[in-house]
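Report on one structure; see the data block that follows.
Residue numbers (UniProt numbering): 1 to 414.
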């Protein structure tokens, strides 16, 4: 949950060295400034009644917390810290609280919070309206933040609510301030002045709303560019290795007369291809595609025959029926490896999300066989394929001829 490597880092409250809610410590870590100055700024804001306290409470309610200063330090803040003197290069030194000063400022802040309302009711109303606008700004920025929710409706509600609070706070501030501007002699000058202020605040409001959106788009564009660069680099590395290592492994398989060496070379080739070209593909039996890949690899390593799997559709967690499909397919591969006399077996798995069944095809180019002539004591086809698929609620179709054999198996999609 550390905030780094984003143009718009997320703010976190920090529990370490906090006095109340960790808001000031989090701001100090987030901005890369002295904690004392942040606490002093909050005390100064208490001069305007209704501003500092609601802002502090809003930050406590609407933000997450981390345990240490280092976790809450943004990348930009860390760069700012690193540019300082060597003795103050660590976040713990930059944001280390001065306890005597902190407690003194807390006492002063408590006094100002008590006597602040006596400064005038209109000033309190202005401060409250500014606090409403500040909450609106926070909601807008939080909507476009890096930790924004992926659910659309809460995100849209927060955005609309933030804009409404921002406009309401600015509009209310202008209205209250405009009604307090002197008598008739100064009304015209006040009107011009407040029109200028209104235009300025409107521009600021638009900037506040649009900047986080621009930052999100910028971050997405940078991330896409980095992914494209990484993919291009991976493709370049893959092509170089394919031209050297993979071809060498293929030559070893074709030229070596030692079965163990051929098996080892084939296994290493498969693992290297997986690492280069299919890093996001599952190779564990906990998923359907992973179980089929494991079965293909086991048959390759055991019988020294190349198995070429093609898996299309959507991977899914393994169920009893899907595992039965993978095991029945493995048995079909074993039969092809033992009896077809071919150098290759082709496996095709189709798991389209809009199809009611998952289908698996195992093909070879051997001489074929007559299923009716299989001896009674040979249970590979009868039990390991036909019986297993029947118990799983699936179907099996065997198409065999002198041109080869194709075993078609399917189970209902879970």
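Even for Gly, the Cβ is constructed at its ideal location relative to N, Cα and C.
Looking at the C-beta of residue i, does it have a partner C-beta in chain B at a distance below 7 Å?
| i | result |
| --- | --- |
| residue 367 | Of the chains in the structure shown, none is chain B; there is only one protein chain. |
Under a Cβ-count criterion, where at least 16 other Cβ atoms within 10 Å of its own Cβ denotes burial, should residue i be classed as buried or exposed?
| i | result |
| --- | --- |
| residue 293 | buried |
| residue 94 | A caution first: residue 94 carries a pLDDT of 48, below 50, which makes its placement in the model unreliable, though a value can still be read off. So residue 94 ends up on the buried side. |
| residue 406 | buried |
| residue 42 | buried |
| residue 71 | buried |
| residue 156 | exposed |
| residue 10 | buried |
| residue 289 | buried |
| residue 170 | buried |
| residue 352 | exposed |
| residue 73 | buried |
| residue 61 | exposed |
| residue 25 | buried |
| residue 20 | exposed |
| residue 230 | exposed |
| residue 210 | exposed |
| residue 249 | buried |
| residue 324 | buried |
| residue 217 | exposed |
Which two residues bound the contiguous alpha helix (DSSP H) that contains residue i?
| i | result |
| --- | --- |
| residue 54 | 52-62 |
| residue 348 | Segment 344-351 is the beta strand (DSSP E) holding residue 348; no alpha helix (DSSP H) there. |
| residue 357 | Looking at the DSSP string, residue 357 is not in any alpha helix (DSSP H); the run it does join, the beta strand (DSSP E), is 357-364. |
| residue 43 | 35-45 |
| residue 26 | 23-31 |
| residue 308 | Element bounds for residue 308: not the alpha helix (DSSP H) but the beta strand (DSSP E), 306-313. |
| residue 251 | 247-255 |
| residue 391 | 388-391 |
Nearest by alpha-carbon distance to residue i: which of the options is it?
| i | options | result |
| --- | --- | --- |
| residue 133 | 239, 263, 165 | 165 |
| residue 314 | 357, 342, 303, 340 | 357 |
| residue 328 | 317, 267, 53, 393 | 393 |
| residue 239 | 272, 33, 386 | 272 |
| residue 388 | 331, 58, 14, 210 | 331 |
| residue 414 | 172, 320, 390, 372 | 320 |
| residue 354 | 136, 412, 230 | 412 |
| residue 18 | 39, 33, 31, 32 | 39 |
| residue 66 | 33, 27, 35 | 27 |
| residue 30 | 68, 57, 20, 58 | 68 |
| residue 259 | 21, 210, 305 | 305 |
| residue 203 | 167, 231, 220 | 167 |
| residue 343 | 217, 390, 254 | 254 |
| residue 237 | 275, 32, 219 | 275 |
Just to confirm the assignment, what range does the beta strand (DSSP E) spanning residue i have?
| i | result |
| --- | --- |
| residue 333 | First-last for residue 333: 320-339, but that is the alpha helix (DSSP H), not the beta strand (DSSP E). |
| residue 408 | 404-412 |
| residue 297 | Premise fails: residue 297 lies in the alpha helix (DSSP H), 288-303, not in any beta strand (DSSP E). |
| residue 400 | 395-401 |
Looking only at its own chain, which residues have a Cβ that is under 6 Å from the Cβ of residue i, when we skip the five neighbours before and after it?
| i | result |
| --- | --- |
| residue 368 | 400, 401, 402, 405 |
| residue 235 | none |
| residue 395 | 410 |
| residue 326 | 291, 292, 295 |
| residue 59 | 23 |
| residue 252 | 265 |
| residue 322 | 288 |
| residue 384 | 331 |
Apart from the five residues just before and just after residue i, which ones in its own chain have a Cβ nearer than 8 Å to its Cβ?
| i | result |
| --- | --- |
| residue 374 | 381, 382 |
| residue 340 | 364, 365, 366, 367, 404, 405 |
| residue 270 | 297, 300 |
| residue 386 | 396 |
| residue 136 | 161, 162, 163, 164, 165, 166, 167, 168, 169 |
| residue 391 | 324 |
| residue 245 | 272 |
If I measure Cβ to Cβ from residue i and keep anything under 7 Å in the same chain, skipping five residues before and after, which residues do I get?
| i | result |
| --- | --- |
| residue 317 | 286, 287 |
| residue 267 | 301 |
| residue 63 | 11, 12, 13 |
| residue 207 | none |
| residue 223 | none |
- Message: Quick check: the region 334-341 against the region 350-367, are at least 3 beta-carbon pairs closer than 8 Å?
- Response: Output reads yes: the region 334-341 touches the region 350-367.
- Message: Does the region 260-269 come into contact with the region 292-310, if we say contact requires no fewer than three beta-carbon pairs (one atom in each stretch) closer than 8 Å?
- Response: yes
- Using 8 Å as the Cβ pair cut-off and three pairs as the minimum, do the region 337-348 and the region 308-326 touch? yes
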